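Residues in the sequence shown are numbered consecutively from 16, following our numbering. Here's the structure we're looking at; comments come further down.
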Amino acid sequence: MARQPHVIVIPHAAQGHVAPLMKLSLQIAAHGVKVTFVNTEFIHEKVMASLPAKVEEEKRLISLVSIPDGLEPEDDRQDFVKLTESILRVMPGNLRNLIENIKRSDVDEQIVCVIADMAAGWALEVANEMGIKRVAVLLSGPASMALALHVPQLIDAGIIDTDGTLIKDESIILSEDIPAWRSSDFSWSCSDPVMQKVLFVYVSTALKTFKFADQLLCNTFYELDSSVMKLIPKAIPIGPFLASNHIEAFAGNFCPEDSTCLSWLDKQPAGSVVYVALGSTTILNPQQVDELALGLELTGIPFLWVISSNLTNGSTAKFPEGFIDRVADLGKIVEWAPQEKVLAHPSVACFVSHCGWNSTLEGLTMGKPFLCWPYFADQFHNRSYICDVWKIGLAVDKDENGIITRNEMSTKIKTLISSDGIKANALQLKEVARKSVNEGGSSFKNFTSFIELIWH
Ligand code: UDP
C-alpha cells in the first residue's frame, strides 16, 4: 500500500473561509489522507473554544495547528489593511518553518500538496519555493473569479480604469448565460474610493495566486454554471462542500452554535419559518436593525434570526421598545446557528440571506427560496444568479434613504412565501445539487479523481 499522503490546508483568517475549508478537509481526511489545518493563532483559539466537548475524540481526524499572524492579541483584526499587511509580512516565513518542522520530525513524511484558499495565495508562493504541489480553493462566487481573470483585458480595452471603476456607463457581459455586471456589482465595488482601491488590489493578488496554482478546486458544481466553469482554466468543481456527511460538530465556528433553535424549529409547522442570517461580516446600523425587527413582526410569520456580535458592530443588539415581549411566541433569536441543519429543517420556509457564497450554496442545496440582502463583495452578483438566472428568490430594495424598510421586508417575505414558481425552482435545483455530490455525480467524480491524484 502507498504511504499515507499528507496535505497542508490554509484558510484565509475569516469565518466564511475557515468553515468551508474545514468541511473540505474532513472530506479529504475521510479518504485516509493526513490533513494539517493551519489557522492563525487568533482564529485557532476561537475555533477550539467553540468546539463542543463531544468533538474531542474526532479531533484526531485532522490536525489543527496555528501560526502567528504578526499582530498583538489586542490589535484590531477588523482593520483589513493592517491585518493583510501583517499576514503578508510574517505568515509566509511562519508557514515555511512549520512545514520544515513537520519534515524534520519525520523524514518519511509525504507532504504531497499545499491546499490554500485563493484569499491566502501567499501560501502557494511558499509551496512553490519549497517545491511542493499547489492547489488553490475558490470559496467565493466563481463568476467573480472569471471576471477577475478578465480584468487585464478590461483595462486594456478602456472599459474599466486601473482602480476598477467603469469608464463608460455600461454593463460588462462575459457570456450570455452569466449575469451582466453593473458598476455596483463588482466584487471590489465600494462607495468609499480608498476602500475600493484596497479591494481592487485583491484582484491582482488573485491573478498572481491563480498563476501559482496547479489546480483550482471550486465550491460549486458544474451543472450550476457550466458557462462560468468554461471561463476558468484549471477549475475543478467539487461542491457543494457539506458538513452533513461528516462530523457535524466539527464546523470551524468562531462562536458556539446554539442548537436550541433546532428544538424550537421542531415545534413549528412545516414550511412556516423565515430564517434570517446575514453571514459573519454584515454590519447593520441601529435604524436598520429596528426596521428589520419591525418588518419581521409585521409579517406575523414565525422567524429565526441570527444576530452575531458582528451584525451590530460589536455592540449588544438594541431592539425597538417592547419588541422582544411582543414576539416572544413568534420568533427566536440566536447568536450563531447550526446553519446547514437549520436550512435542512422542514419548518424553514425561506432564507433571508446576504448571499455570501457559502450561504448561497447551502440554501440552494437545501431547496430554500431566498430573500436577498447583499452587503458587499461578490454578494451583489450572487443575488443576480439567485433572482435572475436560477429564479429561486427575490431581492429587497432600499428606499431613498438607503434603508430597507419594515414594509419592504414584510411585503417581500409574504410575496416570496406565496410564490409557488420560486418554490418549485428551488426544489428542482436542490435535486441537481444533491445529484452532483452523490455517487456518480459530477462533483463526486471530480473529487474522487482529486483524491486519486493525492494518493499517487
Ligand atoms: N453560518 C453559521 N451559522 C450562522 C450563520 C452563518 O454556521 O448562524 C455559516 C454559514 O453556514 C456559512 C458561513 O457561516 O457557511 C458564512 O459564510 P458566507 O460565505 O455565507 O458569508 P460570510 O460570513 O463569509 O460573509
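C-beta: ideal position from N, C-alpha, C; glycine also. No experiment lies behind these values; they were computed from the predicted model shown.
So is the beta-carbon of residue i under 7 Å away from any non-hydrogen atom of the ligand UDP?
i       : result
Pro-35  : yes
Gly-382 : no
Thr-296 : yes
Asn-268 : yes
Trp-372 : yes
Val-367 : no
Ala-352 : yes
Gln-93  : no
Gly-31  : yes
Ala-448 : no
Val-321 : yes
Ala-28  : no
Glu-185 : no
Ala-292 : yes
Glu-355 : yes
Glu-377 : yes
Can residue i and residue j be called in contact, C-beta distance under 8 Å?
i       : j       : result
Val-218 : Trp-203 : yes
Phe-395 : Ser-190 : no
Asn-373 : Ile-407 : no
Leu-39  : Phe-256 : yes
Val-62  : Val-33  : yes
Val-50  : Leu-113 : no
Leu-311 : Phe-318 : yes
Asp-178 : Gln-211 : yes
Cys-128 : Val-209 : no
Trp-320 : Val-291 : yes
Ala-28  : Asp-84  : yes
Arg-398 : Pro-389 : yes
Leu-232 : Val-150 : yes
Leu-376 : Gly-254 : yes
Pro-252 : Phe-227 : no
Leu-386 : Lys-445 : no
Leu-326 : Ile-348 : no
Ala-164 : Leu-222 : Looking at the sequence provided, one finds Leu at residue 164 rather than Ala. Taking 8 Å as the Cβ cut-off, Leu-164 and Leu-222 qualify as a contacting pair.
Glu-238 : Ser-457 : yes
Ser-434 : Phe-269 : no
Asp-90  : Ala-158 : no
Val-152 : Ala-138 : no
Val-243 : Ala-161 : yes
Lys-148 : Asp-229 : yes
Val-411 : Ile-419 : yes
Leu-246 : Ser-362 : no
Classify residue i: buried if its beta carbon has 16 or more other beta carbons within 10 angstroms, exposed otherwise.
i       : result
Thr-430 : exposed
Glu-306 : buried
Gly-346 : buried
Ile-484 : Coverage of the chain is limited to positions 16 through 471, which leaves residue 484 absent and any answer about it impossible.
Arg-104 : exposed
His-369 : buried
Leu-442 : exposed
Lys-438 : buried
Lys-282 : exposed
Lys-183 : exposed
Val-122 : exposed
Gln-19  : exposed
Gly-455 : exposed
Thr-331 : exposed
Lys-427 : buried
Thr-275 : exposed
Ala-392 : buried
Ile-472 : Any question about residue 472 goes unanswered here, given that the chain covers just 16 to 471.
Gln-354 : buried
Gln-42  : buried
Short of 7 Å in beta carbon distance, which residues of its chain neighbour residue i, apart from the five on each side in sequence? Order them along the chain.
i       : result
Val-404 : Pro-194
Gly-371 : Gly-31, Gly-294 and Gln-394
Asn-364 : First, the residue type needs correcting, since residue 364 is Ala and not Asn in the sequence shown. The residues are Gly-286, Ser-287, Val-288, Val-289 and Ile-432.
Asn-416 : none
In chain order, what residues of the same chain have a beta carbon less than 8 Å from the beta carbon of residue i, not counting five sequence neighbours either side?
i       : result
Val-96  : Val-213
Lys-118 : Glu-124 and Ile-126
Glu-87  : none
Ser-78  : Lys-49, Val-50, Thr-51 and Phe-52
Tell me which residues share the same chain as residue i and place their Cβ nearer than 6 Å to its Cβ, disregarding the 5 neighbours each side in the sequence.
i       : result
Ala-359 : Met-381
Ile-466 : His-46
Ile-188 : Ala-195
Met-37  : Gly-267
Does the beta carbon of residue i fall short of 7 Å from some heavy atom of the ligand ZN?
i       : result
Glu-140 : Absence of the ligand ZN from the depicted structure is noted, with the ligand UDP being the only ligands included.
Taking only beta-carbon positions, decide if residue i is within less than 8 Å of chain D.
i       : result
Leu-239 : In the displayed structure, chain D is absent; only one protein chain is listed.
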